[in-house]
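So the sequence shown is numbered by this note's numbering: it starts at 2 and just counts up by one. Don't be surprised by glycine CBs; every beta carbon is placed ideally from N, CA and C.
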Amino acid sequence: MHIRLAAALAVLSSCAVAAPAELTVYAGHPPDAGSVAVSDSDSVKTLSGDAVAIPKADNGVVEVSKSPKARKDDALTLNFNKAWYASLRVQAGKPVDLRPYLAHGVLALDLKVDELAEGGLSFRVKCGEQCERGVPYVVPARAAQGKGWQHLVLPASCFYRDGDDFSQITQPFELNGTGKGKVAIANVRYQASGKPNVQCPDYRTVSVTPDKLNESWSISWWTARHEKKLAEARAVGKRAQVAFIGDSITEGWEKSGAPVWDRYYQPLQAIDLGFSGDRTENVLWRLLHGEVDGLAPKVAVLMFGTNNTGHRQEDPRTTALGIKRNIEELRKRLPDTKILLLAIFPRGEKPDDHLRQLNEQVNAIIAGYADNQTVFFANINQAFLQPDGTLSRDIMPDLLHPNEKGYEIWAKAMAPALRRLLPET
């Protein structure tokens with residue numbers, strides 16, 4: 002554990018009131034006056050009988066039901082299909098203080114994965130209105146499919162970041178699923194001590210630690226797309242004058258932005274290295290595994306980081322460090338290439354949208370990375386916004402990804418900066 006984090010957790014634990022060696026979250030029933038709920042992205046329903054379900058389109062479902070482990074109804078099963086977000090939530094009847102468990106304590110539970118070949122899983126704790134901390138468990142959960150009950154022990158500190166208030170937790174446990182799956186949990190409890198058998202990413206360094214995008218919806222295509230892009234890079238070689246590097250917003254040049262791409266960037270034999278869902282660590286993995294090798298573009302356009310924000314509400318400082326690490330790697334691999342670093346695009350309808358504000362904090366930091374010799378910064382975000390700062394669905398239908406009109410705005414707004422770096426075009 003990071004030394005500063007360990008010290009902070011020790012202080013929190015010492016400040017907390019005396020707590021039991023074990024805090025039961027679910028053992029056949031929730032805490033006194035507590036409840037169990039099922040949720041998708043649109044609604045929440047409380048479990049009052051043996052099962053509760055949220056029907057979804059095209060025979061999809063999100064359902065929580067009582068199920069057997071040692072007794073006929075001492076476990077809970079989350080069954081989900083065609084679900085972008087499915088949640089089994091245990092609500093405390095009154096706020097619980099988890100601070101005593103942070104320094105040396107663990108979250109222990111029994112888990113049984115009946116089906117998850119096309120799904121994903123994570124564990125979460127809600128620590129406030131804008132505070133939700135999670136531990137991804139996609140790959141090990143898939144490996145556990147069909148192997149019966151497994152006893153998991155996670156460090157309680159996995160769910161904590163500096164500054165979080167864990168003294169009044171009303172939702173001490175949440176099981177999240179995506180895609181399709183059937184997963185049961187039992188004997189969920191916090192313990193003052195224990196030996197973890199599950200590790201979690203260090204939130205301080207995850208943005209700079211190269212990794213593949215191991216999400217339920219990306220595992221089947223992500224590596225294949227990387228291989229495809231390696232082949233494209235070999236084919237175009239040094240003829241590519243511009244390389245676009247980013248996430249789904251950049252990948253969208255191949256989709257809704259394709260007509261705009263063909264007009265503006267196909268004549269430059271540009272290459273699109275955008276991958277849906279990528280965070281900074283995923284872009285870094287691709288760079289370290291040859292994605293720009295053999296290229297010599299005059300300009301590399303970088304725009305990513307919004308998935309660090311959206312996926313884990315990351316501290317803007319660590320998102321910015323992830324972007325910085327990618328810039329450093331690009332400069333090593335493409336020493337003669339100018340880097341045009343774009344501000345992360347606006348998201349959410351209104352200026353006070355929480356995730357947009359996090360992105361703006363990232364932008365304030367990364368603007369300082371420009372040296373105006375090799376790295377150049379451009380903030381074209383106003384081009385996407387209404388005079389009052391709102392973002393229109395007319396250009397970003399989901400308030401995140403541009404449509405063709407949005408890509409036209411991007412190309413026109415970026416043109417002056419790109420033109421300065423491509424003086425002969």
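Within a Cβ cutoff of 7 Å, which residues of the same chain sit near residue 308, ignoring the five residues on either side of it in sequence?
Cβ within range, chain order: 248, 278, 279, 280.
By a C-beta neighbour count over all protein chains shown, 10 Å radius and 16 as the cutoff for buried, is residue 238 buried or exposed?
Exposed, because fewer than 16 other Cβ atoms sit within 10 Å of the Cβ of residue 238.
If you pair each beta-carbon of the region 327-345 with each one of the region 150-162, do three or more pairs fall below 8 Å?
Too few Cβ pairs lie closer than 8 Å, so no.
Please work out which residues of its chain come closer than 7 Å, Cβ to Cβ, to residue 140, disregarding the five sequence neighbours upstream and downstream, and give them in chain order.
Excluding residues within five positions, the ones whose Cβ falls inside 7 Å are 215.
Which value, in whole angstroms, describes the spacing of the CA atoms of residue 93 and residue 316?
Rounded to the nearest angstrom, the two C-alpha atoms are 27 Å apart.
Could you give the first and the last residue of the continuous alpha helix (DSSP H) run that contains residue 249?
Per DSSP, residue 249 belongs to the alpha helix (DSSP H) from 249-252.
CA-CA distance, residue 271 and residue 241?
The alpha-carbon atoms of residue 271 and residue 241 are separated by roughly 5 Å.
Suppose the cutoff is 6 Å on Cβ atoms and the five residues either side in sequence are ignored; what does the same chain contact list for residue 217 look like?
Excluding sequence neighbours, residue 217 sits near 120, 121, 139, 179, 180.
Suppose the cutoff is 6 Å on Cβ atoms and the five residues either side in sequence are ignored; what does the same chain contact list for residue 411 look like?
For residue 411, where only same-chain residues beyond five positions count, there are no Cβ hits under 6 Å.
Check for me: the alpha helix (DSSP H) holding residue 311 runs from which residue to which?
Looking at the DSSP string, the run of the alpha helix (DSSP H) that includes residue 311 is 307-313.
Taking the beta carbon of residue 204 as the centre, do at least 16 other beta carbons fall within 10 Å, making it buried, or is it exposed?
Result: buried.
On the three-pair Cβ rule with 8 Å, is the region 148-157 touching the region 224-232?
Cβ pair count under 8 Å is below three, so no.
Let me know the secondary structure DSSP gives residue 56 once reduced to three states.
Three-state DSSP puts residue 56 in a strand.
Assign residue 206 to buried or exposed, taking buried as 16 or more other Cβ atoms, counted over all protein chains shown, within 10 Å of its Cβ.
Looking at its Cβ environment, which holds fewer than 16 other Cβ atoms inside 10 Å, residue 206 is exposed.
Spatial neighbours of residue 111 within its chain, please: C-beta separation below 6 Å, excluding the five flanking residues on both sides.
Result list for residue 111: 150, 152, 187, 188, in chain order.
Give a yes or no on whether the C-beta atoms belonging to residue 339 and residue 422 are separated by under 8 Å.
It is a contact, given that the beta carbons lie within the stated cut-off.
I'd like to know whether the C-beta atoms of residue 292 and residue 211 end up nearer to each other than 8 Å.
No, they are not a contact pair.
Check the DSSP bridge columns for residue 127 and list the partner residues they point to.
The partner list for residue 127 (beta bridge, DSSP) reads 133, 172.
So what does residue 79 bridge to, in DSSP terms?
65, 184, per the DSSP bridge assignment.
For the region 367-422, list the alpha helix (DSSP H) runs that are entirely contained and at least 4 residues long, ordered along the chain.
If we require 4 residues or more, the alpha helix (DSSP H) runs fully inside the region 367-422 come out as 405-422.
Distance, Cα to Cα, residue 39 vs residue 330?
One C-alpha to the other measures close to 43 Å.
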